[in-house]
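Inspection log for the structure reproduced underneath, given as structure tokens.
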């Protein structure tokens, strides 16, 4: 197995900084603490805050969906809830444009989904407000794109015009929340590693606001606490169901829009924060909740006194070969039962070797009060508790091909490197097309 980093099995105090919030704003939970404080994830491009001038007339809001009561009922942040009540803020959603409006006495504030609009313009050249037909991608040669609208920002579908049905399907379930995961998916598609992709364009209500936006709000008398910004875009739908599962639970609906057979392999691309600043370990999860995989169904298994050896089967091998390009350190993590977990490292020939253990005894939280598991023995993050992955695997069972779902978590450092590479490639393409 690759040599483990020698950093201590905890977050170094050097990486821990304090959120820039009003100390008088009481809250207990930092939803984005690791992403914002430790990894310095860049969320500046997610949303833009604007003051609507002149003040709109009362009938301006008539065609919008009012979210006020839903947000007040579901928010996890008491400070933000009381702030909305204290200021008498009414919240509205312009569904087709996915704009949020705060209606206050004397002024109106608009939240614009900047990342979503930038992505849609890049592929369509405009902002579609309803379902589209398939059309050639403006951003990715040789691919077609389609937009499916919903009340939560919609979904972008991509497929190769001459798709190889044997290639994996990519999903980007948390597009805005996991920075640069879209660029990772486009990287794989560009270099013929995937047949298509399903990309969530909507927020889950948890995405943080950048400091510049918070300063604007404060100057307008709305000092929101950035710890859980679920009082802007709602965390749950009208039925009270979490939006964060929208993409996984809608898998079959989206796959049916694609040409060709259902995929045998789905690679679900996510971003995560490692246990130290230079962490480049890519983690491949196969779930910690039912339906559990069986170890013997993943390939040829040998059990030794010192651990477990796995020669992956064809489908697992295909997925591991794909993510091997991202890092020299790949780990496979999964559970075969509620108290039977596996952590296996990839060797040079794509074989896997590692150990089994009881997660109740070995998985700890990286930070107090955070549900961010890691294995102190290896000082590596632990993934299989993710519930959304189980929902995707349950939905994939309906595709009828025993589809294998790999939950791939890519650390910040690698995602940034790939985003830079894609920018450089786009620049080179521009030079080539202009004849320079």
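Numbering (the working numbering), first residue to last: 2 to 437.
All C-beta atoms, glycine included, are put in the ideal place defined by N, C-alpha and C.
Counterpart residues of residue i in DSSP-defined beta bridges
i           : result
residue 440 : Absent from the model: residue 440. The displayed extent of the chain is 2 to 437, so no value can be given.
residue 172 : 199, 269
residue 441 : The question about residue 441 has no answer here: the residues shown for the chain are numbered 2 through 437.
residue 300 : 313
residue 253 : Partner(s): none; residue 253 has no beta bridge.
residue 292 : Looking at the DSSP assignment, residue 292 forms no beta bridge with any residue, so it has no partner.
residue 148 : 157
residue 305 : 308
residue 283 : 331
residue 412 : 273
residue 342 : 336, 358
residue 67  : 93
residue 406 : 267
residue 103 : 92, 110
residue 364 : None; residue 364 has no bridge partner.
Rounded C-alpha distance that separates residue i from residue j
i           : j           : result
residue 240 : residue 60  : 27 Å
residue 425 : residue 155 : 29 Å
residue 390 : residue 407 : 8 Å
residue 92  : residue 46  : 22 Å
residue 222 : residue 58  : 21 Å
residue 423 : residue 182 : 12 Å
residue 306 : residue 367 : 30 Å
residue 107 : residue 288 : 50 Å
residue 85  : residue 254 : 37 Å
residue 427 : residue 176 : 20 Å
residue 310 : residue 257 : 37 Å
residue 372 : residue 215 : 26 Å
residue 48  : residue 95  : 15 Å
residue 44  : residue 225 : 16 Å
residue 273 : residue 411 : 6 Å
residue 345 : residue 334 : 6 Å
residue 145 : residue 193 : 14 Å
residue 121 : residue 330 : 34 Å
residue 400 : residue 195 : 18 Å
Cβ-Cβ separation, residue j to residue i (assumed contact under 8 Å), whole Å
i           : j           : result
residue 78  : residue 231 : 7 Å
residue 259 : residue 197 : 6 Å
residue 336 : residue 360 : 7 Å
residue 186 : residue 173 : 5 Å
residue 110 : residue 72  : Wrong, their Cβ atoms sit about 14 Å apart, outside the cutoff.
residue 199 : residue 248 : 7 Å
residue 233 : residue 101 : 5 Å
residue 308 : residue 338 : The pair is not a contact, with the Cβ atoms about 18 Å apart (cut-off 8 Å).
residue 180 : residue 38  : That belief does not hold up - the Cβ atoms of residue 180 and residue 38 are roughly 15 Å apart, past 8 Å.
Counted within 10 angstroms of its Cβ, other Cβ atoms place residue i as buried (16 or more) or exposed
i           : result
residue 36  : buried
residue 1   : Examination of residue 1 is not possible in this model, given that the chain is present from 2 through 437 alone.
residue 165 : exposed
residue 168 : buried
residue 304 : exposed
residue 269 : buried
residue 220 : exposed
residue 382 : buried
residue 244 : buried
residue 160 : buried
residue 271 : buried
residue 430 : exposed
residue 55  : exposed
residue 209 : buried
residue 1   : Given that the chain is displayed from residue 2 to residue 437, the structure contains no residue 1 and the question cannot be resolved.
residue 25  : Residue confidence is low: residue 25 scores 49 on pLDDT, short of 50, so the model does not pin down where it sits. Its coordinate-derived value is still stated next. Classification of residue 25: exposed, given that the 10 Å Cβ count is below 16.
residue 63  : exposed
Contacts around residue i, its chain only, beta-carbon distance under 7 Å, and the 5 residues preceding and following it disregarded
i           : result
residue 252 : 393, 396, 397
residue 322 : 351
residue 376 : 344, 363, 364, 383
residue 129 : 121, 148
Sequence-distant residues of its chain with Cβ nearer than 8 Å to residue i (five each side left out)
i           : result
residue 125 : 133, 136, 139, 146, 148
residue 318 : 300, 351
Short CB-CB distance (under 8 Å) between residue i and chain C
i           : result
residue 178 : In the structure shown, chain C does not exist; there is a single protein chain.
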